[in-house]
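Numbering (this note's numbering), first residue to last: -12 to 239.
Ideal Cβ positions, reconstructed from N, Cα and C, are used throughout, including at glycine.
Please read these numbers as outputs of a predicted model, since none were measured by experiment.
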């Protein structure tokens, strides 16, 4: 069974088809890339997959479960987490508390337990502190756990956003241009991190990216979008050598 199966997904804004008949199948454990020119509809696809937008037509199945039309929080609890092209952290919170925000879906305590500071509240908070620190160690951020998130360098803010997404225990991780704004050294480190996450968290990853070195270095398969439609799909090397891809995207 595929981890993600999307069929005939479409959405229009003001009569304009932003995504038209989008289809994709991603197997469990794959590292998959979604590429295309600016404005091709890539982030709109992510917004459809995560419930930010509701599709006009089509279906989305995650690990065999139909999540089409569900709310964002329900989709997250079913198993999809994402990062954003423009980093969205709780910038006034600490690095540790940013990750803990993602853990609350799986370590709940009641409002009453929190207000009264009952024993369960302290037990759950201690568990979340440790789990958050464990995740921060993966990204070499544990030494900055008490820093305010906005004080981290840009590249580390990117890593923190991925760590927070992983805290929700997803099956499928969506990364929207994770290398945006990074220098070559940071990008290489990010590639290693993405591979580590896939291999050690039993993760399936779909990423949007314009950095072709990153795409060719880590993605096993690609889908190319152009004007909201799938231009081609297949093994990474085959797609990147496809003349229509070079014309529509790489040669722009």
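Which residues bound the alpha helix (DSSP H) around residue i?
i	result
residue 186	171 to 187
residue 69	Unbroken run through residue 69 is the beta strand (DSSP E), 67 to 69; no alpha helix (DSSP H).
residue -5	Per DSSP, residue -5 belongs to no alpha helix (DSSP H); it is in the beta strand (DSSP E), -9 to 0.
residue 39	Premise fails: residue 39 is in no alpha helix (DSSP H) and is neither H nor E.
residue 87	82 to 90
residue 51	Careful: residue 51 lies outside any alpha helix (DSSP H) and carries neither H nor E.
Between which two residues does the beta strand (DSSP E) holding residue i run?
i	result
residue 163	159 to 163
residue 29	No beta strand (DSSP E) holds residue 29; the alpha helix (DSSP H) holding it covers 29 to 36.
residue 4	3 to 13
residue 216	216 to 222
residue 195	191 to 195
residue 74	Looking at the DSSP string, residue 74 is not in any beta strand (DSSP E), and its letter there is neither H nor E.
residue 22	18 to 22
residue 139	Taken as a continuous stretch (DSSP letters only), residue 139 belongs to no beta strand (DSSP E), as it is neither H nor E.
residue 213	208 to 213
Beta-carbon within less than 8 Å of residue i's beta-carbon, same chain only, minus the 5 sequence neighbours each way: which residues are those?
i	result
residue 88	77, 80, 151 and 154
residue 3	none
residue 43	-3, -2 and -1
residue -5	8, 9, 10, 44, 45 and 46
residue 224	203
Take residue i and list the residues in its own chain whose beta-carbon comes closer than 6 Å to its own, dropping the five residues that flank it on each side.
i	result
residue 216	7
residue 120	129
Would you say residue i and residue j are within 9 Å of each other, going by their C-beta atoms?
i	j	result
residue 132	residue 90	no
residue 218	residue 232	yes
residue 145	residue 169	yes
residue 29	residue -10	no
residue 274	residue 181	Past the edges of the chain, shown from -12 to 239, lies residue 274, and the structure says nothing about it.
residue 173	residue 142	yes
residue 186	residue 70	no
residue 31	residue 5	yes
With a threshold of 7 Å on Cβ separation, who are the neighbours of residue i within its own chain once the five nearest residues in sequence on each side are excluded?
i	result
residue 66	49, 50, 157, 158 and 159
residue 34	40
residue 229	219
Confirm the yes/no value for this check: CB of residue i, any heavy atom of the ligand ZN, distance under 8 Å.
i	result
residue 27	Of the ligands one can find in the structure shown there are none, so the ligand ZN has no counterpart to examine.
| message | Would the segment 57 to 66 count as touching the segment 116 to 129 if we require 3 or more Cβ pairs under 8 Å? | response | no
| At least 3 beta-carbon pairs within less than 8 Å: the segment 209 to 216 vs the segment -2 to 10 | yes
| message | Counting beta carbon pairs with one atom in the segment 193 to 201 and one in the segment 20 to 30, are three or more of them shorter than 8 Å? | response | yes
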